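A.B. asks:
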Amino acid sequence: MFLKILFFASTLFAASPGDFLWKNRVIVVEEASLIKKQLEAFKEDKKGYEERKLIILHFPMFHKNKDICCALLGLDGGVKATSKAPFSKKVIFDLIDSMPMRQAELRKKANPEKKN
45 MFLKILFFAS TLFAASPGDF LWKNRVIVVE EASLIKKQLE AFKEDKKGYE
95 ERKLIILHFP MFHKNKDICC ALLGLDGGVK ATSKAPFSKK VIFDLIDSMP
145 MRQAELRKKA NPEKKN
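Position one of the sequence shown corresponds to residue 45 (my numbering), numbered consecutively onward.
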């Protein structure tokens with residue numbers, strides 16, 4: 045339910061991927077028919093989804109390549125991965141967890157009193 049609320053809130057206000065720079069990692073889904081499938085991939089792990097600051101956004105015509113239906117954008121707004129089908133939770137979590145900014149988040153979480 046939480047994921048759906050985030051998604052619908054995003055679309056109601058005509059959000060674009062740039063609206064989330066430095067706040068969230070964004071999974072852009074171009075095909076409206078695939079949004080439910082992408083949401084399903086994360087519904088069992090709300091905590092993991094929230095920890096990685098993920099949102100799912102329907103944004104038609106985001107990518108010029110017609111074979112790509114989904115893209116992962118990092119906190120910096122850069123395209124980190126693309127896919128011809130909705131991403132699996134494992135693929136996304138593993139990819140995000142390997143990113144330098146996520147590694148820094150994990151170190152900070154492990155040692156909250158220590159500054160970079």
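Glycine included, every Cβ here is placed at the ideal spot set by N, Cα and C.
In this text the structure is predicted, and so the values were computed from the model without any measurement.
On the criterion of 16 or more Cβ atoms from any shown chain inside 10 Å, does arginine 146 qualify as buried, or is it exposed?
C.D. replies: Under this definition arginine 146 is a buried residue.
A.B. asks: Does the beta-carbon of proline 144 have 16 or more other beta-carbons within 10 angstroms, so that it is buried, or is it exposed?
C.D. replies: Result: exposed.
A.B. asks: DSSP three-state label for serine 127, please.
C.D. replies: DSSP places serine 127 in strand when its eight states are reduced to three.
A.B. asks: Take the Cβ of glycine 122 as the centre, count every other Cβ of all protein chains shown within 10 Å, and call the residue buried at 16 or more, exposed below.
C.D. replies: By the 10 Å Cβ count, glycine 122 comes out exposed.
A.B. asks: Do phenylalanine 70 and glutamine 82 have their C-beta atoms closer together than 8 Å?
C.D. replies: The displayed chain sequence assigns valine, not phenylalanine, to residue 70. Cβ distance not < 8 Å, so valine 70 and glutamine 82 don't count as in contact.
A.B. asks: Kindly identify the DSSP beta-bridge partner or partners of isoleucine 136.
C.D. replies: Per DSSP, none; premise fails for isoleucine 136.
A.B. asks: Please determine, among Gly118, Leu78 and Lys153, the residue with the shortest C-alpha to C-alpha distance to aspartate 63.
C.D. replies: Cα-wise, what sits closest to aspartate 63 is Gly118.
A.B. asks: Have a look at lysine 90 and threonine 126 and give me their C-alpha separation to the nearest angstrom.
C.D. replies: Cα to Cα, the separation comes out at about 22 Å.
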